[in-house]
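Undergrad: The end of the sequence shown is residue 805 by my numbering, with every number in the run present. Supplied in structure tokens, the structure appears directly below.
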Amino acid sequence: MKSIRYIMYFVLMSMTMSLLAQENAQAVAQGENKIDEKVERNTIRKGNGLFNDKKYTEAEIEYRKALEANPSSEIATYNLGAALYKQQKWNDSRNEYRKIVQASSDSLRAAHAWHNLGNISFQEKNYAQSIEEYKNALRRNPKDDETRYNLRLAQLLLKKQQQEQQNQDKNDDKDQQDKNKDQQKDQKQDQQEQNNNQNNQDKNKDQQEQNKPQQQQPQQPQQSQMSKENAQQILDAIQQDERDTQEKVQKALMQQQKRRKTDKEW
């Protein structure tokens, strides 16, 4: 029984310490998240005055002070997004408006935030996204003619953007085709030039061969071909000449002897 009482004692002590720790944590949290509504109201009012005077950087500073006084202030968050938007700080402004659309229970304020998100996407020429954001705004405030007008404008610009992109793609394809044709033409010209150069080289080589002195070969003597009949005729002619010559000699000798007989002796 004694041991059971000790166990119960330690259990109660543990439970008590745990409860005290939870209470301390809640007290610390409440102290850290303490809301100063007066500071919040004053800084928002001051920020609005600066915003109306188009002093958007100074207005941003006041809205941030309001959020320090009350981090959950939807008005300060929305107005901060507007001041950032006027400074064309698109990403920072988008972050503030997204906080509104994710957490706000005020449908009209959420509709205005969606509208401004659409305007940011519109400024970035992201028309497809702006269309969806304008639609979200109209779902929460169907009577907003300004949002409806911006939606229609974004749809028209998106269509134009898509057509321009298609034309650009066609032009890119045509440019690529023209480039390929030019490359083929250049290759054909290069091949033609190579062929012409080769032809010129061959032609020059032929001309060089033509202009080169020819190595004349000595003509071989033609062998006479004589028939037996021709040879006999030539031989007969020679023999006839010899006979004629002999007859002439005999006649000359006889005439010489006759002259000797008729000469007078002294």
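For glycine and all other residues, C-beta sits at the position ideal for the given N, C-alpha and C. Source: prediction; values computed, not measured.
What residue range is occupied by the uninterrupted alpha helix (DSSP H) comprising SER632?
TA: Looking at the DSSP string, the run of the alpha helix (DSSP H) that includes SER632 is 629-642.
Undergrad: Quick check on the DSSP output: the alpha helix (DSSP H) that includes ASN680 runs from which residue to which?
TA: ASN680 -> no alpha helix (DSSP H), and no H or E assigned at all.
Undergrad: Is it true that the CB of GLU579 sits closer than 8 Å to the CB of ASN609?
TA: Yes, the pair counts as a contact, with Cβ atoms nearer than the cut-off.
Undergrad: Would you kindly check if the distance between the Cβ of LEU619 and the Cβ of TYR602 is under 8 Å?
TA: For TYR602 and LEU619, yes; Cβs fall inside 8 Å.
Undergrad: Taking only three categories from DSSP, how would you classify ASN609?
TA: It is coil, neither helix nor strand.
Undergrad: Using only CA atoms, which one of GLU576, ILE574, ALA605, ASP575 lies nearest to LYS585?
TA: Looking at the Cα atoms, ALA605 is the closest of the given residues.
Undergrad: Less than 8 Å separating the beta-carbons of ALA622 and ALA598?
TA: Closer than 8 Å, so yes.
Undergrad: From the DSSP output, in three-state form, read off ASP708 for me.
TA: Note: ASP708 maps to helix in three-state DSSP.
Undergrad: Do you know whose CA, among GLN707, ILE600, ILE639, lies nearest THR616's CA?
TA: Nearest C-alpha to THR616: ILE639.
Undergrad: Considering only C-alpha positions, which residue in the set ILE614, ASN655, ALA693 is nearest to TYR624?
TA: Checking every option, the nearest Cα to that of TYR624 belongs to ASN655.
Undergrad: Are the CB atoms of ILE659 and GLN694 within a distance shorter than 8 Å?
TA: In this structure, ILE659 does not lie closer than 8 Å to GLN694 by Cβ.
Undergrad: By DSSP, does GLU663 sit in helix, in strand, or in coil?
TA: Coil, per DSSP.
Undergrad: Report yes if the CB atom of LEU677 is closer than 8 Å to the CB atom of ARG687, and no otherwise.
TA: Their beta carbons are under 8 Å apart, which means LEU677 touches ARG687 by this criterion.
Undergrad: For the candidate residues ASP717, GLN662, PRO681, whose alpha-carbon lies nearest to that of LYS628?
TA: If we check each option's Cα against that of LYS628, GLN662 comes out closest.
Undergrad: What would DSSP say about ASP645, mapped onto helix, strand or coil?
TA: In this structure, ASP645 counts as coil in the three-state DSSP scheme.
Undergrad: From which residue to which residue does the alpha helix (DSSP H) around ILE583 run?
TA: 576-591 is the extent of the alpha helix (DSSP H) around ILE583.
Undergrad: According to DSSP, simplified to helix, strand and coil, what is GLN626?
TA: The answer is coil: DSSP assigns GLN626 none of H, G, I, E or B.
Undergrad: Let me confirm a value: ARG782 is counted as buried when at least 16 other C-beta atoms fall within 10 Å, else exposed. Which label applies?
TA: The residue in question, ARG782, is exposed, as its Cβ has fewer than 16 Cβ neighbours within 10 Å.
Undergrad: Helix, strand or coil: how does DSSP classify LYS594 here?
TA: LYS594: coil per DSSP, three-state reduction.
Undergrad: Let's test the definition: count the other Cβ atoms within 10 Å of the Cβ of SER646 and tell me whether it reaches 16, buried, or not, exposed.
TA: Burial call: exposed.
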